[in-house]
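Numbering (our numbering), first residue to last: 2 to 277. For glycine and all other residues, C-beta sits at the position ideal for the given N, C-alpha and C.
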């Protein structure tokens, strides 16, 4: 079987398992890059080949540890598929993971967040930035969010997480809820996407707003997610509740109103997002 056929089957395997479209694209990109480099059938790759590729990525391309880890993760998933299908006897990606030097995330102050939002070009862009911040959603989650997952009455959003395809609940403050309700009423589309834009477009919106605001930091959509977590922690929120909010732990939708940490987080939202 040729490599392209393996990749086609791998694509189907990922989709059936519920991997997000962005994750599928990234895996396919990484696998294609490797197979283009190795110039050999995917079923003939050895652990030694993986080591050689890692060395090439690090010494020749000077990739960061995080990028290297992502490439390895993509290949590990690909060869797990190959092993399950019986195309290889064992997964050759049995290598020690390089240690990652953890850099502190870039975080904005509350004043900088407000300035960033106010500096967006129009009302839609301001609402995009505000929603990213108050929910802590990933940019891909925001772009895929549909109205049927937004409960304006209770001020909650059900997010399809990228981690294993599990749902989690995020909260929205009263002001953002009203703005979203206005958007829904004016759009006339109660079933489609809330913000029908691409992640790249959101990245450009953030970058442009940061430039207008005169913020001399590297600001990305993920910066708003980090900033929310930091501000909640400073306000006294339980760290475990923040982990659940960010999707680092599963949260059953049936426990939303009874879960102790979530109730505590609701109280902290009330403190943090008070209507002026």
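query: Nearest-angstrom Cα distance between residue 14 and residue 80?
result: Answer to the nearest angstrom: the Cα atoms are 12 angstroms apart.
message: What does the Cβ neighbour count give for residue 21, buried or exposed, with the cut at 16 atoms within 10 Å?
response: With 16 or more other Cβ atoms within 10 Å, it is buried.
task: Answer yes or no: do residue 133 and residue 29 have a C-beta to C-beta separation smaller than 9 angstroms?
output: No, these two residues do not count as a Cβ contact at 9 angstroms.
- prompt: So is residue 138 buried or exposed if we call it buried at 16+ other beta carbons inside 10 Å?
  reply: With 16 or more other Cβ atoms within 10 Å, it is buried.
query: Between the stretch 83–95 and the stretch 46–60, do three or more beta carbon pairs fall short of 8 angstroms?
result: The stretch 83–95 vs the stretch 46–60: in contact.
- request: Please state whether DSSP places residue 149 in a helix, a strand or coil.
  value: Reduced to three states, the DSSP call for residue 149 is helix.
query: For residue 153 versus residue 181, is the C-beta distance shorter than 9 angstroms?
result: In this structure, residue 153 sits near residue 181, with a CB-CB distance shorter than 9 angstroms.
query: Going along the chain, which residues of its own chain have a beta-carbon closer than 7 angstroms to the beta-carbon of residue 232, five neighbours each way excluded?
result: Closer than 7 angstroms at Cβ, skipping near neighbours: 111 and 273.
- prompt: Nearest to residue 135 by CA position, among 19, 9 and 247, is which residue?
  reply: Residue 135 has its Cα closest to that of 247, out of 19, 9 and 247.
message: Suppose you measure from the CA of residue 260 to the CA of residue 170; what does that come to, to the nearest Å?
response: At residue 260 the pLDDT is 35, less than 50, meaning the model places this residue with poor confidence and gives no usable figure here.
task: Compare the C-alpha of residue 24 against each of 221, 151, 72 and 58 and name the closest.
output: Nearest option by C-alpha distance: 72.
task: Starting from residue 170, trace the beta strand (DSSP E) both ways and give me its first and last residue.
output: In the DSSP annotation of this structure, the continuous segment of the beta strand (DSSP E) that includes residue 170 starts and ends at 168–172.
message: Three Cβ pairs or more, each shorter than 8 angstroms: is that satisfied between the stretch 140–152 and the stretch 185–196?
response: Judged by Cβ distances under 8 angstroms, the stretch 140–152 makes contact with the stretch 185–196, as three or more pairs qualify.
field: Whole runs of the beta strand (DSSP E) within the stretch 64–101, excluding any shorter than 3 residues
entry: Fully enclosed beta strand (DSSP E) runs of 3 or longer: not present.
query: For the stretch 198–215 against the stretch 29–40, are there 3 or more C-beta pairs whose distance is under 8 angstroms?
result: By the Cβ criterion, the stretch 198–215 is not in contact with the stretch 29–40, since fewer than three pairs of Cβ atoms, one from each stretch, lie closer than 8 angstroms.
field: Within 9 angstroms, strictly: CB atoms of residue 215 and residue 116
entry: Against a cut-off of 9 angstroms, the Cβ pair of residue 116 and residue 215 comes out as a contact.
query: Would you call the CB atoms of residue 38 and residue 57 closer than 9 angstroms?
result: Yes, they are a contact pair.
query: Can you tell me the Cα-Cα spacing of residue 42 and residue 84, whole angstroms?
result: Near 14 angstroms, if we compare the C-alpha coordinates of residue 84 and residue 42.
query: With 16 as the cutoff for other CB atoms within 10 Å, does residue 131 come out buried or exposed?
result: When all chains shown are included, residue 131 counts as buried.
task: Report the rounded CA-to-CA distance for residue 88 versus residue 161, giving the unit in angstroms.
output: Straight across, the Cα-Cα distance linking residue 88 with residue 161 is about 32 angstroms.
- request: Report yes if the C-beta distance between residue 127 and residue 119 is below 9 angstroms; otherwise report no.
  value: Closer than 9 angstroms, so yes.
Residue 158 - partner residues in DSSP beta bridges: DSSP lists 151 and 171 as partners of residue 158.
- request: Could you tell me the distance, in whole angstroms, from the CA atom of residue 250 to the CA atom of residue 168?
  value: Its pLDDT being 48, under 50, residue 250 is placed unreliably in this model, and the value from its coordinates should be taken loosely. Using only the alpha carbons, I get a separation of about 10 angstroms.
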